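J.: Have a look at this one.
Chains as they are written, first to last, in this note's numbering: chain A, 504 to 944; chain B, 5 to 467.
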């Protein structure tokens with residue numbers, strides 16, 4: 504009897520204790536059926552719905568519109584006075600591949616060797632990177648995470664910023680990264696003479712062409728029985744066949760033109776230019792070639808001392824106006840949360856809000872090859888959306904709710920937890936603290 | 005006799021007049037001062053609220069009147085600022101633009117060197133900063149050593165080829181200190197002190213103890229009545245340290261972790277040094293109550309973090325936590341890129357912590373002015389202050405804000421409507437025409453890691 508009584512006491516006390524420990528409760532994402540009501544919904548592909556409802560069920564956008572019937576079992580989130588947007592997509596990051604930039608052991612985006620296209624970024628994505636929650640609470644739900652360095656550093660992947668394994672995060676597309684031989688001066692090449700630079704470019708181009716010649720040959724003889732295991736060349740074959748995109752990082756105007764010629768000569772159909780810092784110089788040529796671009800970072804220094812101070816701000820707008828399909832990237836790792844500001848600057852310097860929004864939603868999804876899944880608010884697409892207090896490009900705007908894969912994401916991160924703990928620290932300063940006992944001279 | 009006296013008096017007067025004319029002439033000849041009337045702007049004064057449809061009259065480089073319906077004196081240019089926003093020129097308390105060198109890394113204490121000797125008036129970054137509404141920068145020594153060199157406060161008077169013209173006249177002296185990973189990495193690579201945060205503290209205490217001894221020797225010498233006394237050795241390194249002890253030099257200390265920030269307050273408390281601003285200070289939020297009590301200030305990034313271990317536990321709410329705890333806080337760039345949109349960096353405190361417009365604008369105007377000891381001259385729009393002003397299309401805290409005009413001493417140095425693309429003052433004839441450089445982040449953080457590499461390289465050569 505006494506024992507039963509004890510058990511009853513424990514049964515009452517345990518939940519009470521846990522209520523008392525609210526601060527320490529683990530906040531988890533949760534799925535289910537959600538109705539987001541009374542919102543201004545920016546679908547991106549089908550205009551703006553005033554006072555609309557968005558229905559999320561089992562990870563998918565089930566309904567959207569002004570007259571959506573709300574199921575009885577849906578959790579209703581009243582979004583009166585708020586706006587709903589498709590989750591922002593950053594088309595160029597190293598998120599998940601680098602935790603602390605200066606520590607070699609905490610970086611996994613670069614493999615030794617110039618030709619390592621078979622290296623899979625997705626395998627090295629750390630789903631528990633501290634940067635991931637920091638990023639997603641700002642409304643960025645999906646990123647392209649890419650290897651770097653060398654000539655063909657590896658295979659990039661699109662990932663959603665929620666999931667407990669890389670495959671749970673995988674958003675459905677991959678692509679080969681290629682650094683186009685650069686005639687520009689940046690970084691360690693800065694001290695080279697023009698002749699030395701030209702030679703280096705020639706050498707690198709030869710490496711590039713040898714690799715792709717082999718890949719084309721491999722594609723022809725594949726399955727013939729004579730083929731040896733050759734993983735770095737095999738990785739390139741889907742690009743040759745057009746089933747996977749090739750992302751060419753190229754920035755100087757001269758190199759962009761060379762790259763466009765190279766693409767034409769090779770006849771590859773599924774190619775994207777990335778970086779494209781001097782795209783504005785040759786925007787017509789890029790448009791003519793019908794090659795889409797991933798531009799950015801937008802908040803960047805001009806590539807030449809003689810350029811206008813706002814060359815990088817205006818670059819996406821100039822390319823867009825020339826008829827190029829433009830997505831915008833941060834090129835960042837821990838500060839991918841600034842994506843809306845890169846888009847905002849592009850908007851202010853000629854692109855306009857609507858096109859800048861496309862550059863980080865539907866255009867990005869199309870260029871990354873995931874527009875059947877994400878990039879706009881449409882029935883049947885994945886529920887990657889966020890709710891905001893207003894224009895998400897405006898700096899002071901707050902993101903109030905984020906859904907990724909239909910999961911309602913807890914609005915917390917290491918940075919928010921530190922804020923909560925330290926805004927009003929307990930204990931505060933102590934009267935006899937040696938740091939404040941200034942000894943008079 | 006009277007004639008003689010009159011003559012003598014006249015001579016004296018002419019002499020005084022000549023001196024006055026001469027010094028006045030020199031002071032005025034150095035830098036241009038402008039007159040201008042900015043009409044009908046929304047004036048963000050920072051100290052006295054927001055004034056709509058207001059005119060600001062500038063005479064001789066100073067703000068002379070603020071009001072409605074002001075008339076331009078004869079010959080003074082009038083600028084119609086209807087629908088535009090006028091704010092005090094932005095001040096960057098941490099910058100390395102306009103410098104031809106950043107680190108003197110040959111010793112862990114180099115208080116004898118001065119950034120005033122390496123000002124580069126040709127740096128096109130100066131124009132780009134002006135195009136972001138910036139009028140003053142704190143040109144800092146780097147962070148390779150525990151006690152670095154003296155820094156220089158600048159006004160961005162772009163176009164002059166004389167480095168002296170960029171100096172902010174009569175700004176207080178400042179010096180750079182550095183704690184944590186950067187100075188200890190230098191020590192570790194050579195196997196000498198400081199190889200740890202303990203060593204950094206020891207080096208600071210030893211340096212100031214030496215300075216006290218040096219001061220005592222000189223004081224004894226000065227007090228000595230013996231005509232055959234012999235002067236102690238003069239040491240510029242020690243002279244500067246003594247000036248710090250005496251409060252004549254403001255200390256700006258590169259720091260990240262809360263423990264090292266706290267350590268320096270204890271060291272300074274023991275030596276009676278009070279004029280202290282922490283630079284970067286990513287973890288200052290953890291010891292904000294101590295900073296407030298000490299009276300130390302902080303100059304921080306809006307959101308940079310994770311580029312090294314000591315900034316892993318950062319929060320973008322740092323500036324807000326510091327402000328709410330009563331610490332005078334500024335937001336800086338440390339970058340030739342970020343400096344161009346500090347107004348946007350300041351606005352981030354409205355996302356990360358709901359600072360008011362005035363609080364957010366203070367982070368890049370009045371507060372950095374206080375940290376540099378120039379708040380009586382700049383940092384707000386008030387009658388009598390220098391006419392260092394930035395005009396914006398759109399509110400400067402909006403992401404869509406576009407700086408359109410920037411004035412230093414009432415002289416317009418940037419005008420978007422009449423902007424010429426190539427703003428170089430000097431073109432190196434040996435430079436390639438298509439000199440394309442894709443800047444990466446390391447290029448932009450000039451005081452952080454790249455310099456330390458060069459510091460290490462310097463000593464690895466001397467092994």
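Cβ coordinates follow ideal geometry from the N, Cα and C atoms, glycine included.
Since the model is a prediction, treat every value here as computed from it, not as a measurement.
Find the nearest neighbour of residue 753(A) within the set 857(A), 777(A), 802(A), 546(A), judged by alpha-carbon distance.
T.: 777(A)
J.: Assign residue 639(A) to one of two classes, buried (16 or more other C-beta atoms within 10 Å of its C-beta) or exposed (fewer than that).
T.: buried
J.: For chain B, is any of its Cβ atoms less than 9 Å away from the one on residue 812(A)?
T.: yes
J.: Using the three-state DSSP reduction, which class does residue 308(B) fall into: helix, strand or coil?
T.: Three-state result, residue 308(B): coil.
J.: Does the beta carbon of residue 841(A) come closer than 9 Å to any beta carbon on chain B?
T.: yes
J.: Considering only DSSP beta bridges, list what residue 772(A) is partnered with.
T.: Residue 772(A) is not bridged to any residue.
J.: How about residue 555(A) and residue 293(B): do their beta carbons lie closer than 9 Å?
T.: no
J.: I'd like the span of the alpha helix (DSSP H) that includes residue 2(B), first residue to last.
T.: This structure does not reach residue 2(B), given that chain B is present from 5 up to 467, and the question cannot be answered.
J.: Taking C-alpha atoms, which residue in 70(B), 361(B), 283(B), 98(B) lies nearest to residue 59(B)?
T.: 70(B)
J.: Which chain A residues are close to residue 345(B), counting only those with a beta carbon under 8 Å from its beta carbon?
T.: Within 8 Å Cβ-Cβ: 802, 848.
J.: Identify whether residue 348(B) lies in helix, strand or coil by the three-state DSSP scheme.
T.: helix
J.: Which one or two residues does DSSP pair with residue 581(A) in a beta bridge?
T.: 540(A)
J.: List the endpoints of the continuous alpha helix (DSSP H) containing residue 463(A).
T.: It is not possible to answer for residue 463(A), since the shown part of chain A is limited to 504 through 944.
J.: For the region 347–363 of chain B, which residues have a beta carbon sitting closer than 8 Å to at least one beta carbon of chain A?
T.: 348, 351, 352, 354, 355, 356, 357
J.: Using a Cβ cut-off of 7 Å, which residues of the region 855–884 of chain A contact any Cβ in chain B, in chain order?
T.: none
J.: Of all Cβ atoms in chain B, is any one closer than 9 Å to the Cβ of residue 686(A)?
T.: True, the Cβ-Cβ gap to chain B drops below 9 Å.
J.: Return the first residue and the last residue of the alpha helix (DSSP H) that residue 908(A) is part of.
T.: That residue, residue 908(A), is in no alpha helix (DSSP H); it is neither H nor E in DSSP.
J.: Go through its chain and collect everything with a Cβ distance to residue 428(B)'s Cβ below 8 Å, but skip five positions before and after it.
T.: Excluding residues within five positions, the ones whose Cβ falls inside 8 Å are 126, 128.
J.: Extract the residue ranges of the beta strand (DSSP E) inside the region 87–121 of chain B, only unbroken runs of 3 or more that lie entirely within it.
T.: 88–92, 94–99
J.: What separation, rounded to the nearest whole angstrom, lies between the Cα atoms of residue 53(B) and residue 365(B)?
T.: 11 Å
J.: Give the single residue among 588(A), 906(A), 599(A) whose Cα lies nearest to the Cα of residue 630(A).
T.: 599(A)
J.: Does any C-beta atom of chain A lie closer than 9 Å to the C-beta of residue 150(B)?
T.: no
J.: Which value, in whole angstroms, describes the spacing of the CA atoms of residue 44(B) and residue 921(A)?
T.: 44 Å
J.: Closer than 8 Å, Cβ to any Cβ of chain A: which residues of the region 308–320 of chain B, in chain order?
T.: 308, 309, 310, 311, 312, 313, 316, 317, 318, 319, 320
J.: Considering only their Cβ atoms, is the gap separating residue 748(A) from residue 457(A) smaller than 9 Å?
T.: Absent from the structure is residue 457(A), since the part of chain A shown begins at 504 and ends at 944.
J.: Quick one: give me the first and last residue of the alpha helix (DSSP H) that residue 783(A) is part of.
T.: For residue 783(A), there is no enclosing alpha helix (DSSP H), since its DSSP letter is neither H nor E.
J.: Closer than 9 Å between beta carbons: that is the criterion. Which residues of the region 191–214 of chain B meet it against chain A?
T.: none
J.: Quick one: does residue 272(B) have its CB under 9 Å from some CB of chain A?
T.: yes
J.: Tell me which same chain residues have a C-beta within less than 7 Å of the C-beta of residue 661(A), skipping the five on either side of it?
T.: 645, 647, 674, 675, 676, 871, 873
J.: Are the C-beta atoms of residue 913(A) and some chain B residue less than 9 Å apart?
T.: Look at residue 913(A): its C-beta is not under 9 Å from any C-beta on chain B.
J.: The beta strand (DSSP E) spanning residue 591(A) covers which residue range?
T.: 591–596
J.: Measuring only between beta-carbons, confirm whether residue 926(A) sits less than 9 Å from chain B.
T.: yes
J.: Counting only Cβ pairs nearer than 8 Å, list the residues of chain D close to residue 760(A).
T.: Of the chains in the structure shown, none is chain D; the protein chains are A and B.
J.: May I ask you to check if the CB of residue 297(B) is nearer than 8 Å to at least one heavy atom of the ligand GDP?
T.: As far as ligands go, the structure on display features none, and thus does not contain the ligand GDP.
J.: Got a sec: which bits of the region 582–616 of chain A sit with their beta carbon under 9 Å from any beta carbon on chain B, in order along the chain?
T.: 601, 602, 603, 604, 605, 606, 609
J.: Please report the Cβ distance between residue 178(B) and residue 253(B), rounded to the nearest whole angstrom; I am assuming they are in contact, meaning their Cβ atoms lie under 8 Å.
T.: 7 Å
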